[in-house]
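This report concerns only the one structure given below.
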Amino acid sequence: MSEAERIFFNPWDEAFRANPYPYYKPLMAGPPRLLNVFVPMALVARYADCAAVLRDHEHFSSVPPRLPFLEERISVFGDAPRVVFSDPPVHTRLRRLVSRAFTPRRIRELEPKIREFTNSLLERAAGRGGLDVMADLANPLPVMVISHMLGVPHEHYPMFKQWSDTVIEADNTPPGMPLPQTVRDAFTALREYFVAEIEKRRRHPGDDLVSVLVAAHEGSDEVLSEAELIAFVVILLLAGNETTTNLIGNGMLALTRHPDELGRLGRSPELMPSAIEEMLRYDGPVQATMRHIRQDTEIAGTMVTAGSLIFVLLAAANRDPAQFREPETFDIARTPNDHLAFGEGIHFCIGAPLARMEGAIAIGSLFERFKRIRPATPEAPLKYKGSFFLRGLASLPLEVA
Ligand code: HEM
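Take the sequence shown: its letters are residues 44 to 444, numbered as in the numbering used here.
Structure representation (structure tokens):
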């Protein structure tokens with residue numbers, strides 16, 4: 044086997060997690076490769092192959108298979124249908140119901156609140172001469188926004204953040220290993236909190252997202268069951284939080300590592316929308332998503348047998364030279380930029396407009412407030428958080444003035 048054909052793929056390996064991009068490159072050289080990690084698994088990395096798998100929900104299912112090593116997770120997290128882990132017709136019904144909470148008007152109305160939260164966070168950090176992008180801005184902002192959308196008291200957001208961080212750690216437990224008790228406890232607390240909140244909104248509905256979803260539950264024709272409703276609220280808290288946090292963190296890291304692009308964005312704030320797309324492409328918060336197949340299928344010439352898992356490597360596809368000119372170059376004005384960071388097809392991220400707006404406000408506000416932004420410890424090694432799927436930094440100290 045030649046050097047180019049040799050692959051190493053282990054999302055639980057620390058070096059792999061710290062910088063997965065070199066490991067993706069050999070996967071670009073040919074059709075999807077097969078591995079056997081507990082179950083047969085296909086690694087799909089090229090842009091055209093990833094897009095084809097995501098668009099073909101008939102062959103590639105989003106419902107996780109009931110494998111023995113996943114049983115424990117199902118028993119902890121429950122197995123009510125979830126929008127992201129379902130196929131039509133269940134997915135069609137859930138997506139239609141939850142879309143009510145994500146209308147363009149609802150998202151637009153959040154803008155002043157997002158600015159207010161961002162300003163209050165930066166106010167706290169200003170005057171210190173430095174800030175940690177993660178601790179001071181990227182970690183708290185998305186959870187403040189989601190808590191506001193869900194209509195829960197503002198002071199509860201640190202509690203949500205802690206639950207959500209702990210539950211995400213479940214990703215970091217290799218399949219087959221028991222989940223830590225802290226993960227079980229956090230999930231139980233989260234569920235109990237929302238059972239009580241749902242009951243409150245049933246009695247006193249408001250204009251918040253939980254009330255909108257409860258109304259969908261109470262409606263007569265199409266309904267969300269109580270278990271589905273709770274599952275969705277929990278997914279929002281998890282899917283909407285860590286991802287947006289990591290867009291802000293990975294995005295600021297890319298800018299500080301490319302001082303020319305950082306200066307360019309400072310001088311030309313109108314480039315912000317395309318800069319956000321480039322941050323999503325270059326170092327996306329969601330590295331991969333999973334599918335599984337029920338019948339033997341071919342993917343770009345590779346036969347994949349029924350029961351196999353498919354790793355759809357979105358972040359690898361986003362650096363495919365067959366799709367992107369100079370894919371390793373970070374160019375905040377890149378056009379076209381049809382990246383797969385939000386997925387593709389029927390599961391395309393429902394929160395994409397919100398994430399784009401939050402990212403633009405958070406990063407834009409840093410530029411508005413500070414004339415000089417540079418890494419505080421450029422030589423220090425970066426520390427990444429536990430999950431491979433949700434790629435993000437533990438901390439990113441900046442010097443600002
Ligand atoms: C930069 C931030 C974000 C990224 C990179 C991201 C990425 C993704 C991706 C890749 C998918 C598709 C998964 C698949 O096909 O298996 C997805 C789906 C989803 N995302 Fe996001 N997401 C982000 C922010 C958000 C936010 C802010 C919310 C909600 C507040 C959200 C809620 C969802 C939901 C509910 C789905 C499932 C949609 C469906 O299955 O139909 N996401 N996201």
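In this text, a Cβ means the ideal position worked out from N, Cα and C, and glycines have one as well. This structure is a prediction, so every number in the text was calculated from the model and none was measured.
Residue i versus residue j - alpha carbon distance
i, j, result
"P185", "R399", "12 Å"
"G249", "G435", "34 Å"
"L335", "P107", "Before going on, a small fix: residue 335 reads as His here, not Leu. One C-alpha to the other measures close to 7 Å."
"A419", "P83", "44 Å"
"M295", "P316", "14 Å"
"G344", "F51", "21 Å"
"V355", "R246", "43 Å"
"T154", "L308", "Note on residue identity: the sequence assigns Glu, not Thr, to residue 154. Distance between the alpha carbons of E154 and L308: 21 Å."
"A445", "K243", "There is simply no residue 445 to check, as the chain begins at 44 and stops at 444 in what is shown."
"T348", "G386", "24 Å"
"F275", "R227", "18 Å"
"I406", "P132", "39 Å"
"E198", "R415", "32 Å"
"I319", "G402", "7 Å"
"D363", "G327", "14 Å"
"I353", "A384", "17 Å"
"H390", "N361", "18 Å"
"M322", "D303", "15 Å"
"A95", "F145", "26 Å"
"A47", "P69", "Any reading at A47 needs caution, since the residue's pLDDT is 49, under 50, leaving its predicted position unreliable; the model's value is listed next. Each residue's alpha carbon lies about 5 Å from the other."
"R417", "T378", "27 Å"
"H134", "P147", "21 Å"
"Q224", "A239", "23 Å"
"K426", "K204", "19 Å"
"T372", "L409", "23 Å"
"G170", "H100", "51 Å"
"L256", "E271", "10 Å"
"M44", "S351", "Here M44 scores only 49 on pLDDT, less than 50, and its place in the model is too uncertain to base an answer on."
"N380", "G388", "17 Å"
"G219", "N79", "15 Å"
Candidates the options: closest to residue i by CA position
i, options, result
"L267", "F432, I404, R136, I189", "R136"
"M346", "Y67, L70, N53, L77", "L77"
"L97", "I404, H382, A405", "H382"
"S104", "Y427, D339, I404", "D339"
"I273", "F237, A94, G306", "F237"
"L290", "H134, R151, A395", "A395"
"D208", "A318, K428, P69", "K428"
"D122", "A169, F391, Y325, E269", "E269"
"P75", "Y66, N380, L86", "L86"
"M71", "A88, G350, W55, K426", "A88"
"N293", "P421, L439, V257", "L439"
"W55", "H134, A213, M192", "A213"
"R234", "L279, Y64, H301, I393", "L279"
"E341", "T299, F367, M177, H102", "H102"
"H301", "Y90, P421, G170, L180", "P421"
"F81", "L110, F59, R368", "L110"
"R49", "E57, N62, Y67", "Y67"
"A232", "A259, M202, T216", "M202"
"W206", "P221, M220, F230, A444", "F230"
"D92", "L357, I241, S190", "L357"
Beta-carbon separation (whole angstroms), residue i vs residue j, contact threshold 8 Å
i, j, result
"A6", "F413", "Past the edges of the chain, shown from 44 to 444, lies residue 6, and the structure says nothing about it."
"L252", "G194", "7 Å"
"L281", "I211", "6 Å"
"A297", "Y325", "5 Å"
"A376", "L314", "6 Å"
"F141", "I393", "Rather than Phe, the amino acid found at residue 141 in this sequence is Val. V141 to I393, Cβ: 7 Å. Contact."
"L441", "L174", "6 Å"
"V126", "R138", "6 Å"
"T286", "V329", "6 Å"
Residue i beta carbon near ligand 2 (any heavy atom closer than 6 Å)
i, result
"H100", "Of the ligands one can find in the structure shown, namely ligand 1, none is ligand 2."
Check whether the region 152-167 and the region 177-191 are in contact - that is, three or more C-beta pairs closer than 8 Å.
By the C-beta criterion, the region 152-167 is judged to be in contact with the region 177-191, since at least 3 inter-stretch pairs fall below 8 Å.
Tell me the start and end of each unbroken alpha helix (DSSP H) in the region 342-400 that is at least 4 residues and wholly inside, in chain order.
Whole alpha helix (DSSP H) segments, 4+ residues: 357-360.
So within the region 255-328, which uninterrupted alpha helix (DSSP H) runs reach at least 4 residues, ignoring any that extend past its ends?
Runs found: 269-282, 285-300, 302-310, 315-325.
Completely contained alpha helix (DSSP H) runs for the region 149-211, where each covers 4 or more residues
Entirely contained in the region 149-211, the alpha helix (DSSP H) runs reaching 4 residues are, in chain order, 154-168, 183-193, 200-211.
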